Amino acid sequence: MKRYVIAAAFLLPVLAISCKQPAPAEETKEASPRKIKNIIFMVGDGMGTTQIYAGLTANKGSLNLERFKCIGFSRTNSASNYMTESAAGATAFAIGQKTYNGAIGVDSAGNPQPTILEIAKQHGLSTGIVVTTDITDATPATFAAHQKQREMQAEIAADYIKSDVDVLIGGGREHFDQRKDGRNLLTEFTQKGYQVKYTTADAEQVKQGKLVALIKEERVAVRGDQLARTTNAALQLLQQNKKGFFLVVEGSKIDDGGHANDLQFVTEEVIDFDKAIKAALDYAEKDGETLVIVTADHETGGLTIAEGDLKTGKISGKFSTDDHTGVMVPVFAYGPGAEAFMGIYHNNTIFRKFMEALKF
Numbered sequence: 055m056k057r058y059v060i061a062a063a064f065l066l067p068v069l070a071i072s073c074k075q076p077a078p079a080e081e082t083k084e085a086s087p088r089k090i091k092n093i094i095f096m097v098g099d100g101m102g103t104t105q106i107y108a109g110l111t112a113n114k115g116s117l118n119l120e121r122f123k124c125i126g127f128s129r130t131n132s133a134s135n136y137m138t139e140s141a142a143g144a145t146a147f148a149i150g151q152k153t154y155n156g157a158i159g160v161d162s163a164g165n166p167q168p169t170i171l172e173i174a175k176q177h178g179l180s181t182g183i184v185v186t187t188d189i190t191d192a193t194p195a196t197f198a199a200h201q202k203q204r205e206m207q208a209e210i211a212a213d214y215i216k217s218d219v220d221v222l223i224g225g226g227r228e229h230f231d232q233r234k235d236g237r238n239l240l241t242e243f244t245q246k247g248y249q250v251k252y253t254t255a256d257a258e259q260v261k262q263g264k265l266v267a268l269i270k271e272e273r274v275a276v277r278g279d280q281l282a283r284t285t286n287a288a289l290q291l292l293q294q295n296k297k298g299f300f301l302v303v304e305g306s307k308i309d310d311g312g313h314a315n316d317l318q319f320v321t322e323e324v325i326d327f328d329k330a331i332k333a334a335l336d337y338a339e340k341d342g343e344t345l346v347i348v349t350a351d352h353e354t355g356g357l358t359i360a361e362g363d364l365k366t367g368k369i370s371g372k373f374s375t376d377d378h379t380g381v382m383v384p385v386f387a388y389g390p391g392a393e394a395f396m397g398i399y400h401n402n403t404i405f406r407k408f409m410e411a412l413k414f
């Protein structure tokens, strides 16, 4: 039987759809131009176009990502390398500057720069970070910490105390209460008025105030729908600020599946991330003043799909590397101001688009 290889290049014409194209009646209607009060920024770590279509195939032909009508592409190279990694990639989103691989919230000279969450906080917005990896890992850290190397996780954890982020949900408890310097950062969080929790269910019980939830890091088979649930929990807390909020959500482990060259791992994580995307889109659809952006910091694994069945969800593919690649990654936008995210641009441009959207 003749085999067909689906590569990312063949998906570009499909994804480059104008947001103004009429949508079928049963699909989500794009919001008319309105004030942008809130932003939900969602990063699928390592998620390129092929990972998305692999997830869609494994999910028997559908993803909530199909609800987006405004789509662009991000050029992911860092200041130091053609192939970025999560620290430099996410720092570009967070501070609006390309930097060297490994940098956390600092420019190419190693100087701390204000992040989009810090700027949002200065303007009175509430802020949050929700991930499925350690909260001190590269992507989440870039939005609230400033360190010269991503490996400095003890220092990154201490930076969170100073950051004043309202909601922090992820793993990595050991970096907060099992430290060589003797500090117990969880006690310090409590003293600052945070509620500290250790399970998804307990985090969901927090109905107001500030939250730190350090939940044991697991794969989907163990953690279940944790990401969608914690995304909803964060939204319920952050929406209480009438001035608005900025929430960062990461599907952290798509990248791990790519590094492991494990296609099932990748598709499980894409489908899980897509459930969190549904939570964000459902909120934005009802709210009318929320902009949702979904993108990736880079692609991982050089994945191609060799064969698949949309009815059964069976899929096979090949990886060309166990590292990152330099390909562009898609940017999906929904809500007021979504049109600004169409086109092809560098990853650090996303920061400027956020600033313009919120009129900072």
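Each residue of the sequence shown is one higher than the one before, counting from 55 in this note's numbering. Glycine included, C-beta positions come from ideal geometry on N, C-alpha and C. Everything numeric in this text was worked out from a predicted model, so none of it was measured.
- request: Flag this pair as yes or no: are the beta carbons of residue 153 and residue 142 separated by less than 7 Å?
  value: Going by C-beta atoms, residue 153 is nearer than 7 Å to residue 142.
Straight-line gap, residue 79 to residue 121 (C-alpha atoms, nearest Å): Legend: pLDDT at residue 79 = 39, less than 50; position of this residue unreliable, value from coordinates given subsequently. Rounded to whole angstroms, the gap between the alpha carbons of residue 79 and residue 121 is 12 Å.
message: Using the three-state DSSP reduction, which class does residue 129 fall into: helix, strand or coil?
response: Three-state DSSP puts residue 129 in a strand.
message: I'd like to check one pair, residue 382 with residue 126: are the Cβ atoms closer than 7 Å?
response: Cβ distance not < 7 Å, so residue 126 and residue 382 don't count as in contact.
query: With burial defined as no fewer than 16 other Cβ atoms inside 10 Å of the residue's Cβ, what is the status of residue 177: buried or exposed?
result: Exposed, by the Cβ-count rule.
query: Can you list, in chain order, the residues of its chain whose CB lies under 6 Å from that of residue 251, leaving out five sequence neighbours each side?
result: Contacts found: 257, 267.
message: Going by C-alpha to C-alpha distance, which of 292, 321, 180, 150 sits closest to residue 104?
response: Comparing Cα-Cα distances from residue 104 to each of 292, 321, 180, 150, the minimum goes to 321.
message: Whole angstroms are fine: how far does the CA of residue 148 sit from the CA of residue 297?
response: Going from the Cα of residue 297 to the Cα of residue 148 covers about 21 Å.
task: Count the C-beta pairs between the region 291-308 and the region 178-188 that are closer than 8 Å, then say yes if the count reaches three, no if not.
output: At 8 Å Cβ cutoff, the stretches touch.
field: Residues of its chain near residue 364, where Cβ-Cβ distance is below 7 Å and the 5 sequence neighbours each way are ignored
entry: Around residue 364, the same chain offers 111, 114, 115 as residues with beta carbons nearer than 7 Å, after the five sequence neighbours per side are excluded.
- request: Excluding the 5 residues preceding and the 5 following residue 151 in the sequence, name in chain order all residues of the same chain whose CB lies nearer than 6 Å to its CB.
  value: Result list for residue 151: 161, 402, in chain order.
Straight-line gap, residue 309 to residue 408 (C-alpha atoms, nearest Å): About 25 Å.
message: Give the list of continuous beta strand (DSSP E) stretches no shorter than 3 residues that lie fully inside the region 321-387.
response: Complete beta strand (DSSP E) runs here, min 3: 344-349, 357-362, 369-373.
message: Given this structure, state the Cα-to-Cα distance separating residue 97 from residue 324, to the nearest angstrom.
response: Cα-Cα distance, rounded: 11 Å.
task: Would you tell me roughly how many angstroms separate the C-alpha atoms of residue 368 and residue 361, rounded to the nearest one?
output: Put simply, the backbone Cα of residue 368 is about 8 Å away from that of residue 361.
- prompt: residue 359 to residue 274, Cα distance in whole Å?
  reply: Taking the straight line joining both Cα atoms gives about 22 Å.
message: By DSSP's criteria, residue 201 is part of a beta bridge. Which residues make up the other side?
response: Note: residue 201 sits in a beta bridge opposite 158.
- request: Using 10 angstroms around the beta-carbon of residue 370, count the other beta-carbons present and answer buried if the total reaches 16, otherwise exposed.
  value: Here residue 370 is exposed. Its C-beta has fewer than 16 other C-beta atoms within 10 Å.
field: Nonlocal neighbours in the same chain, by C-beta distance under 7 Å from residue 328, ignoring five residues either side
entry: 109, 117, 118, 119, listed in sequence order.
query: What is the C-beta distance between residue 157 and residue 190, in whole angstroms, given that I count them as a contact (C-beta under 8 Å)?
result: Rounded to the nearest angstrom, the Cβ distance from residue 157 to residue 190 is 15 Å, too far for a contact under 8 Å.
message: Here's the rule: buried if 16 or more other CB atoms are within 10 angstroms of the residue's CB, otherwise exposed. What is residue 277?
response: Counting Cβ neighbours within 10 Å, residue 277 comes out buried, since at least 16 surround it.
The alpha helix (DSSP H) enclosing residue 175, as first and last residue numbers: Residues 170-176.
Bridge-paired residues (DSSP) for residue 267: DSSP, once it has assigned bridges, lists 223, 251 as partnering residue 267.
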